[in-house]
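S.K.: Residue numbers (this note's numbering): 457 to 607.
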Amino acid sequence: MDTEAEPTMDITERLVTSVGEEPLDPTLALRTVQGETAGAAVLFTGVVRNHDGGRQVRRLEYSAHPTAAAILREIGEELLAEHPALHGVVARHRVGPLDIGDVALVAAVSSAHRRESFLAGEDLVQRVKKRIPIWKLQVFADGSEEWVNSP
457 MDTEAEPTMD ITERLVTSVG EEPLDPTLAL RTVQGETAGA AVLFTGVVRN
507 HDGGRQVRRL EYSAHPTAAA ILREIGEELL AEHPALHGVV ARHRVGPLDI
557 GDVALVAAVS SAHRRESFLA GEDLVQRVKK RIPIWKLQVF ADGSEEWVNS
607 P
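1. DSSP has T473 in a bridge; who is on the other side?
2. Taking K581 as part of the alpha helix (DSSP H), name the residues at either end of that continuous run.
3. Taking the alpha-carbon of G599 as reference, which of L516, E578, R529 and F500 has the nearest alpha-carbon?
4. Exposed or buried, E462, counting other C-beta atoms within 10 Å across all chains shown (16 or more means buried)?
5. Would you list the residues sitting across from P553 in a DSSP beta bridge?
6. When we look at the beta-carbon of R583 and count the other beta-carbons within 10 Å, is it buried (16 or more) or exposed?
7. Report the rounded CA-to-CA distance for V546 versus K592, giving the unit in angstroms.
8. Give me, in chain order, the residues of the same chain whose beta-carbon lies closer than 7 Å to that of V475; leave out the 5 immediate sequence neighbours on both sides.
9. Once the 5 residues before and after Q512 are set aside, which same chain residues still bring their CB inside 7 Å of it?
10. Might you give, ordered along the chain, the residues of its own chain that have their beta carbon closer than 7 Å to the beta carbon of P540, omitting 5 neighbours on each side?
11. How about L471 and G557: are their beta carbons less than 8 Å apart?
12. Quick check on R511: does DSSP put it in helix, strand or coil?
13. Can you give me the Cβ contacts of R587 inside the same chain, cut-off strictly under 8 Å, excluding the 5 residues immediately before and after it?
14. At what residues does the beta strand (DSSP E) containing A525 begin and finish?
15. Tell me the residue span of the alpha helix (DSSP H) that contains L484.
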């Protein structure tokens with residue numbers, strides 16, 4: 457299986473974000489935010505499921521606006537500013553065709569204590585879902601298609 461390249465996190469930066477077609481590795485995202493000062497790390501994976509609204513999904517395809525990567529980075533920077541206890545943040549979104557079981561979003565955060573990590577992790581995922589200009593084409597088992605989050 458092809459996996460994403462090993463990211464580097466500048467300790468002064470504490471943030472890794474990306475939007476791209478390469479498969480996402482949740483274990484790598486978690487390792488990226490962990491460190492000697494992080495007593496807690498929270499990992500979220502958004503995985504392609506085989507159903508939506510009572511219909512069987514065959515596959516998805518994500519399309520991103522050219523500003524998606526910059527907005528994802530902005531979300532991460534906001535998160536670090538608003539949650540000063542955070543040690544590290546990783547937010548990566550995959551685009552292109554995805555099969556059932558593929559990871560579409562990986563989000564990881566770390567802090568000294570679990571409460572901060574849980575709160576910031578939830579905040580990160582909600583902001584990504586609400587603001588990032590990425591649209592999803594669902595292809596159903598009956599051959600029909602549906603765009604989700606499309607303007």
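By construction, the Cβ of each residue, glycine as well, lies at the ideal position given by its N, Cα and C atoms.
M.R.: Reading from the atomic positions:
1. A547
2. One point to set straight first is that residue 581 is Val, not Lys, in the sequence displayed. First-last of the alpha helix (DSSP H) with V581: R570 to R587.
3. L516
4. Any reading at E462 must be qualified, since the residue scores a pLDDT of 47, below 50, and its modelled position is unreliable; no value is offered.
5. E517
6. buried
7. 22 Å
8. Cβ contact annotation for V475 (same chain, cutoff 7 Å, sequence separation greater than five): A520, A524, A525, L528, H549 and V551, in chain order.
9. Closer than 7 Å at the Cβ level, and outside the excluded window around Q512, lie N506, F596 and A597.
10. none
11. no
12. strand
13. Scanning its chain for C-beta atoms nearer than 8 Å, with the 5 sequence neighbours on each side dropped, one finds around R587 the residues I527 and I531, in chain order.
14. No beta strand (DSSP E) holds A525; the alpha helix (DSSP H) holding it covers A524 to E538.
15. First-last of the alpha helix (DSSP H) with L484: P482 to V489.
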